[in-house]
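J.: If you scroll down you'll find the structure; I have some questions about it.
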Amino acid sequence: MLHFFRDGFYRDFTVLMLVTIAIGAVFSSGLAWAVDSHFGDSINQMIGDNGEYDVILHVREEAKEAALRELQRLTEHQFPKASMNETLTIAGQSNLFFGFPDEYKTQEVLGGLTGIFNGIPGLNGYTVILEPSILIRGVHPSVRSELQDRFQAISGVKFAFMDGLNMLVLLDSMEVSRTVSDQVKQILAEYQILELRFPMGFEVDTQQISDHVLDLVSVEVNAQHISNVSSAEYGEDLDAFLKTLVEMRNFLLSYASKVRIQADPGVHLVVGEQIVVQGMGDVLPVVGDEFATGQVVVEVLSVQGDQAEGMIIKGSIVDATSVLEQAGFRMRSSGDVSDLVGTVELENEQYRLAYTINESLRLLHELDELAMEATLAVDNADAILDTFQEALMQLEVLQVQIRQLNEGIAQGGGQSASEQLLLTLLLNGLMKNLAQGALPGQGEGSIDSLENLDVESMRLSLTNMAEQIGNVQEIDIRGIIDQIKHVRDSLPRLDDEEIGRSIRLINTYLGGQVIPGERVQLLVHQGTIDDKVLEPKIRDALDNPYVNIYETSVGMVNPDARSELFRVLKEIRATIAGMLAIGFVMGTLILDYATVFSTLKWVRTNKKVPRNKLVKLLNPVIVFGGVVGMISLALVYVFSGAEIPFVNLGVISGLGFIMGALIVIFAEKFSPIHTNEIMAGQSLGLSDVQIMREIVIPVSRPGLLNLLNRWKQRF
Amino acid sequence: MLEIRGLHKQYGKQIALNGLDLVVSRGETLVIMGPSGCGKSTTIRCINRLSEPDSGEILVDGQSILGFTGRDLREFRRSVGFVFQQFNLISRLSVIDNVMFHLVLAGLPKDEANHRAKMALDKVGLLHHGHKQPANLSGGEQQRVGIARALASSPSLMLWDEPTASLDPILVGEVLEVMEELVRTTQTTMVIVTHEASFAQKVAHKIALMDKGVVVEEGPPRLIFENPQSDIGRKYQRLIAS
Ligand SMILES: Nc1ncnc2c1ncn2[C@@H]1O[C@H](COP(=O)(O)OP(=O)(O)OP(=O)(O)O)[C@@H](O)[C@H]1O
Ligand SMILES: [Mg+2]
Numbered sequence: 088m089l090h091f092f093r094d095g096f097y098r099d100f101t102v103l104m105l106v107t108i109a110i111g112a113v114f115s116s117g118l119a120w121a122v123d124s125h126f127g128d129s130i131n132q133m134i135g136d137n138g139e140y141d142v143i144l145h146v147r148e149e150a151k152e153a154a155l156r157e158l159q160r161l162t163e164h165q166f167p168k169a170s171m172n173e174t175l176t177i178a179g180q181s182n183l184f185f186g187f188p189d190e191y192k193t194q195e196v197l198g199g200l201t202g203i204f205n206g207i208p209g210l211n212g213y214t215v216i217l218e219p220s221i222l223i224r225g226v227h228p229s230v231r232s233e234l235q236d237r238f239q240a241i242s243g244v245k246f247a248f249m250d251g252l253n254m255l256v257l258l259d260s261m262e263v264s265r266t267v268s269d270q271v272k273q274i275l276a277e278y279q280i281l282e283l284r285f286p287m288g289f290e291v292d293t294q295q296i297s298d299h300v301l302d303l304v305s306v307e308v309n310a311q312h313i314s315n316v317s318s319a320e321y322g323e324d325l326d327a328f329l330k331t332l333v334e335m336r337n338f339l340l341s342y343a344s345k346v347r348i349q350a351d352p353g354v355h356l357v358v359g360e361q362i363v364v365q366g367m368g369d370v371l372p373v374v375g376d377e378f379a380t381g382q383v384v385v386e387v388l389s390v391q392g393d394q395a396e397g398m399i400i401k402g403s404i405v406d407a408t409s410v411l412e413q414a415g416f417r418m419r420s421s422g423d424v425s426d427l428v429g430t431v432e433l434e435n436e437q438y439r440l441a442y443t444i445n446e447s448l449r450l451l452h453e454l455d456e457l458a459m460e461a462t463l464a465v466d467n468a469d470a471i472l473d474t475f476q477e478a479l480m481q482l483e484v485l486q487v488q489i490r491q492l493n494e495g496i497a498q499g500g501g502q503s504a505s506e507q508l509l510l511t512l513l514l515n516g517l518m519k520n521l522a523q524g525a526l527p528g529q530g531e532g533s534i535d536s537l538e539n540l541d542v543e544s545m546r547l548s549l550t551n552m553a554e555q556i557g558n559v560q561e562i563d564i565r566g567i568i569d570q571i572k573h574v575r576d577s578l579p580r581l582d583d584e585e586i587g588r589s590i591r592l593i594n595t596y597l598g599g600q601v602i603p604g605e606r607v608q609l610l611v612h613q614g615t616i617d618d619k620v621l622e623p624k625i626r627d628a629l630d631n632p633y634v635n636i637y638e639t640s641v642g643m644v645n646p647d648a649r650s651e652l653f654r655v656l657k658e659i660r661a662t663i664a665g666m667l668a669i670g671f672v673m674g675t676l677i678l679d680y681a682t683v684f685s686t687l688k689w690v691r692t693n694k695k696v697p698r699n700k701l702v703k704l705l706n707p708v709i710v711f712g713g714v715v716g717m718i719s720l721a722l723v724y725v726f727s728g729a730e731i732p733f734v735n736l737g738v739i740s741g742l743g744f745i746m747g748a749l750i751v752i753f754a755e756k757f758s759p760i761h762t763n764e765i766m767a768g769q770s771l772g773l774s775d776v777q778i779m780r781e782i783v784i785p786v787s788r789p790g791l792l793n794l795l796n797r798w799k800q801r802f
Numbered sequence: 341m342l343e344i345r346g347l348h349k350q351y352g353k354q355i356a357l358n359g360l361d362l363v364v365s366r367g368e369t370l371v372i373m374g375p376s377g378c379g380k381s382t383t384i385r386c387i388n389r390l391s392e393p394d395s396g397e398i399l400v401d402g403q404s405i406l407g408f409t410g411r412d413l414r415e416f417r418r419s420v421g422f423v424f425q426q427f428n429l430i431s432r433l434s435v436i437d438n439v440m441f442h443l444v445l446a447g448l449p450k451d452e453a454n455h456r457a458k459m460a461l462d463k464v465g466l467l468h469h470g471h472k473q474p475a476n477l478s479g480g481e482q483q484r485v486g487i488a489r490a491l492a493s494s495p496s497l498m499l500w501d502e503p504t505a506s507l508d509p510i511l512v513g514e515v516l517e518v519m520e521e522l523v524r525t526t527q528t529t530m531v532i533v534t535h536e537a538s539f540a541q542k543v544a545h546k547i548a549l550m551d552k553g554v555v556v557e558e559g560p561p562r563l564i565f566e567n568p569q570s571d572i573g574r575k576y577q578r579l580i581a582s
């Protein structure tokens, strides 16, 4: 095949490759650059030139107008001459740009951004884009003021301030950014947080632990200074989540059916063991059989002597209305029923809860009716009291009249002594009877005691009672009933198996996590932490093989928003350049090289069959095409500054090879050649390069090859 | 002048030539005839190395031409004219350019090449068609351009591969006429593959009948057509008689 190039075509071909690669590189990088600068301009337009705006406020779209008004007000009252701009609204969130006038860019103002902006309606947070500045993320509370002082001592730094968990170091100019950033990183590198984490279930006294290990660690890491800085200020969200999970697990545990196991004498139960019982089904577990539907599998959670508690992990007893007491059998890991272990008591907590709720509902109904009846009763009592009081008054009148009559008789008035005596006796008897009739069995002085009866206070207590009953009636018992019904209806409808699975899942998750308070943080200044060495020593010292140690930094220097955007943009540019390089090389392979490949393939078919098996197998034209594709793509890719993420030059070269080889295989489809004319050229004694220049290329597809050939072509 | 010995050629499993022997003297006109697929084209292409034989020997003026490469091969090819069944003109070039371009590319000055091309076109009766594009010519005229192109480099050997086979019957005559004229007026050695039996009878000094990649019978036309020894020969005899 190579002889084809020998009489001069190699020169044309080399020129073609060089020109292709050069143009490809310029084209790819140029177009990518154009895209880049277009976006760069847009970014500048969007976020203003350096220093124009300081804060992007992210506001809910619907609150945008209100937010703008509030910002306007803020500008007028607090920060005259502040600048403001509204840009893109993305996914329901509007971005408002706010720039402080220079005289307000002080430590006091900037350190209190949250306070300044928290009155903005619909605010979802803000991003500080103050420039030139260096942003340090997640600064540990224990070193904030120390770091602030140290950063402010760096030359070129105006001042530093905290914004939430982040610290911003404001610079005099963009030029010092690099050097200051390096120094900031150096300072940050001096500090480390050494964290001791204890797994779930360990109650840890952070103070005690830190006292315990402080000296040890201090020697081990050779630190200049070390102190206990344990705080809960970190990862609050996660802490809250874990707490919720623990609560959730506890709730589920109390909601799950209660399982108590009474082991038979001689049977020893262990935690984690699985036991089969009949459950709500009809099939009794039989030794040797497999688990049947309806049956229930219980996992042992804790054992105390011959008593154990457990949890249902398979099957369910949610339909049970009473406590079940059933024989329990061991379950082998293979899933079949083994020996009898004892009696298992299953109590459906869900049913009990539902039962209680239903009972309360009944009680409430009763209460409602009771209150109504009580009102009636009070009313009746009131009426009776009225009647009684009236009767009492009349009785008094009668008593007075009798007394007067009695006295009249005693003074005489023409009656005989015996008459008088009789009358007196009669009257006294009457009086006595009268009193007895009113309050039988009370004897002498009954009327007096009747008089002593405090009707008014009785009336008062009756009124109080009526009031209380009224209060009861005023209570919205209907509402309460509805609410309780609602609670009843919204109780999780989980069966025991689902609850069991959820509890296991939560346990698994919690097992790998640490909950609040179960970690100790030590601030290490200028030490070297080797956790491989330190961890075993700390475990030893605390006599706790579960403690893990982690090393974290006290803050991370972040590129500022603009450089971040431009970095991303640069990445995009390199990616675009890479895509363009691939496209361009594919294009030239189709438009230019395919013609050469077709010719080479045709020339080869007229040759003697090669004796070399390898050459026979590995079509040299395909290899040649592959190499051409590989070289072209790799060089265009490199020279255009392309960089597709996760794709290295090896992959690109391979891709180039495959592309070249494929184009060779389908060369005639892309670039058909007139073999008759080539044959004529050969018969007329033309050299291969002449055949290419005069016969093949002039009628090939328009492209670089065609273009370059114009200079060489004679006819 | 031309001597072929034991020529073998195989396309994959397909045997095209199976030990072919052939001798042509200087100035002689040899006509090769034979059924389709018997290897005529392959033979004639091997002579100017458009096809490479697998084995055998081809001597031209006593010199083995199978070893030629590069410059030698091109030099040799220029001394051999080849007329194709499909004419094989360069479609993007005008008639005159088709006839002269290879002369220029071989190093001849342009006017010299142009002069020779015109002479060649004159010989085939197309002197005034030089400016035309091949596509605007009839098939017969196109083949005559093909002949002129072969003639332009004054070859000492001319190879014809069924020059009239793809022509309309009414156009065949004009081409055969030109060929006959050439055989009569020049001393050029000719190897002509054709199915035109009467033409062969008229112009051939010698006829070779081929079958299955070998020459089965050869001799002067009279001998071949009047007293054929092979089956192929007898078929041609019947053809001529009818
Ligand atoms: N390029 C090729 N590839 C594969 N087989 C070929 C090729 N050229 C010719 N052959 C085969 O070789 C044999 C001889 O072909 P060749 O063209 O020499 O026959 P021919 O006598 O010229 O026939 P025709 O009268 O049809 O032109 C045929 O069987 C043909 O199919
Ligand atoms: Mg043929």
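Line by line, the protein sequences are chains A and B. Position 315, counted from 1, in the first sequence is what our numbering calls 402; the numbers after and before it change by one each time, with no gaps. Position 8, counted from 1, in the second sequence is what our numbering calls 348; the numbers after and before it change by one each time, with no gaps. Note that beta-carbon positions come from the ideal geometry of N, C-alpha and C, so glycine has one too.
(1) List the residues of chain B whose Cβ lies closer than 8 Å to the Cβ of Arg-98 of chain A, in chain order.
(2) Between the stretch 396-420 of chain B and chain A, which residues of the former have CB atoms less than 9 Å from a CB of the latter, in chain order?
(3) Below 6 Å, is the gap between the Cβ of Thr-504 of chain B and the nearest heavy atom of ligand 3?
(4) For the candidate residues A:Arg-606, A:Ile-778, A:Ala-169 and A:Phe-653, whose alpha-carbon lies nearest to that of Ile-280 of chain A?
(5) Give the single residue among A:Asp-569, A:Ile-778, A:Val-708 and A:Val-715 whose Cα lies nearest to the Cα of Thr-101 of chain A.
(6) Do you know whose CA, among A:Phe-204, A:Lys-192 and A:Val-106, lies nearest Asp-259 of chain A's CA?
(7) In terms of residue numbering, what span does the beta strand (DSSP E) encompassing Trp-500 of chain B cover?
(8) Quickly, what does DSSP pair Tyr-576 of chain B with across the bridge? List them, please.
(9) Check whether the Cβ of Val-531 of chain B lies closer than 7 Å to any Cβ atom in chain A.
(10) Look up Asp-630 of chain A in the DSSP assignment and say whether it is helix, strand or coil.
(11) Is the CB-CB distance between Met-830 of chain A and Ile-223 of chain A below 7 Å?
(12) Closer than 9 Å, Cβ to Cβ, to anything on chain A: give me those residues from the stretch 371-396 of chain B, in chain order.
(13) Looking at the unbroken alpha helix (DSSP H) that takes in Ser-290 of chain B, where does it start and where does it end?
(14) Does His-442 of chain B pass the burial test, meaning 16 or more other C-beta atoms within 10 Å, or should it be called exposed?
(15) Here's a check: name, in chain order, each residue in its chain whose Cβ is nearer than 7 Å to the Cβ of Ala-150 of chain A, leaving out the five neighbours to either side.
(16) Once DSSP output is grouped into helix, strand and coil, what is the label at Asn-182 of chain A?
(17) Can you give me the C-alpha to C-alpha distance between Leu-722 of chain A and Arg-93 of chain A, rounded to a whole angstrom?
(18) Quick check on the DSSP output: the beta strand (DSSP E) that includes Asn-211 of chain A runs from which residue to which?
(19) For the beta strand (DSSP E) that contains Val-515 of chain B, what are its first and last residues?
(20) Going residue by residue through the stretch 410-493 of chain B, where are the continuous beta strand (DSSP E) segments of at least 3 residues, counting only ones entirely within it?
(21) So does Ser-381 of chain B have its beta carbon nearer than 6 Å to some heavy atom of ligand 2?
(22) List the residues of chain B whose Cβ lies closer than 7 Å to the Cβ of Ser-774 of chain A, in chain order.
(23) Under the rule that 16 or more other beta-carbon atoms within 10 Å means buried, what is Asp-577 of chain A, buried or exposed?
(24) Within a Cβ cutoff of 7 Å, which residues of the same chain sit near Lys-472 of chain B, ignoring the five residues on either side of it in sequence?
(25) How long is the line joining the alpha carbons of Ile-355 of chain B and Ser-478 of chain B, rounded to whole angstroms?
(26) Check distances from the C-beta atoms of the stretch 780-801 of chain A to those of chain B and list, in chain order, the residues that come in under 7 Å.
(27) Along the stretch 433-446 of chain B, where does the CB come closer than 8 Å to a CB of chain A? Name the residues.
(28) Run through the stretch 373-444 of chain A for me and flag every whole beta strand (DSSP E) of 3 or more residues, listed as ranges in chain order.
(29) Examine the Cβ distances between the stretch 388-395 of chain B and the stretch 368-378 of chain B and report whether three or more of them are shorter than 8 Å.
(30) Is Asn-358 of chain B helix, strand or coil by DSSP?
(31) Just curious, the beta strand (DSSP E) that Leu-399 of chain B is in, first and last residue?
(32) Compare the C-beta of Asn-358 of chain B with all C-beta atoms of chain A and state if any pair is closer than 7 Å.
(33) Where does Gly-346 of chain B fall in DSSP's three states?
(34) Quick one: measure Cβ to Cβ for Ile-571 of chain A and Ser-421 of chain A, integer angstroms, because I've assumed they're closer than 8 Å.
(35) Give the single residue among A:Leu-508, A:Arg-780, A:Asp-469 and A:Gly-495 whose Cα lies nearest to the Cα of Ser-544 of chain A.
T.: According to the structure shown:
(1) The contacting residues do not exist; Arg-98 of chain A stays about 16 Å from chain B at best.
(2) Thr-409, Gly-410, Arg-411, Leu-413, Arg-414, Glu-415, Phe-416, Arg-417, Arg-418, Ser-419 and Val-420
(3) This structure lacks ligand 3; the ligands present are ligand 1 and ligand 2.
(4) A:Arg-606
(5) A:Val-715
(6) A:Lys-192
(7) 497-501
(8) Here Tyr-576 of chain B is not bridged, per DSSP, to any residue.
(9) no
(10) coil
(11) Residue 830 of chain A is absent from the structure shown; chain A starts at 88 and stops at 802.
(12) Those would be Arg-385, Asn-388, Arg-389, Leu-390, Ser-391, Glu-392, Pro-393 and Asp-394, in chain order.
(13) The requested residue 290 of chain B does not occur in the structure, where chain B is confined to residues 341 to 582.
(14) Looking at its Cβ environment, which holds 16 or more other Cβ atoms inside 10 Å, His-442 of chain B is buried.
(15) Pro-208 and Gly-209
(16) strand
(17) 25 Å
(18) 210-215
(19) Not the beta strand (DSSP E): Val-515 of chain B falls in the alpha helix (DSSP H), residues 509-525.
(20) 420-423
(21) yes
(22) Ordered by position in chain B, the residues that pass the 7 Å Cβ test against Ser-774 of chain A are Arg-414.
(23) The displayed chain sequence assigns Ser, not Asp, to residue 577 of chain A. Its Cβ having fewer than 16 others within 10 Å, Ser-577 of chain A is exposed.
(24) Around Lys-472 of chain B: Ser-434 and Val-435.
(25) 36 Å
(26) Glu-781, Ile-782, Pro-785, Val-786 and Arg-801
(27) Leu-433, Asp-437, Phe-441, His-442, Val-444, Leu-445 and Ala-446
(28) 383-391, 394-401, 411-418 and 424-434
(29) Taking 8 Å as the limit for Cβ pairs, the verdict is that the stretch 368-378 of chain B does not touch the stretch 388-395 of chain B.
(30) For Asn-358 of chain B, the secondary structure class from DSSP, reduced to helix, strand or coil, is strand.
(31) 395-400
(32) no
(33) strand
(34) So it is not a contact: roughly 47 Å between Cβ atoms.
(35) Checked all of A:Leu-508, A:Arg-780, A:Asp-469 and A:Gly-495; the closest Cα to Ser-544 of chain A is A:Asp-469.
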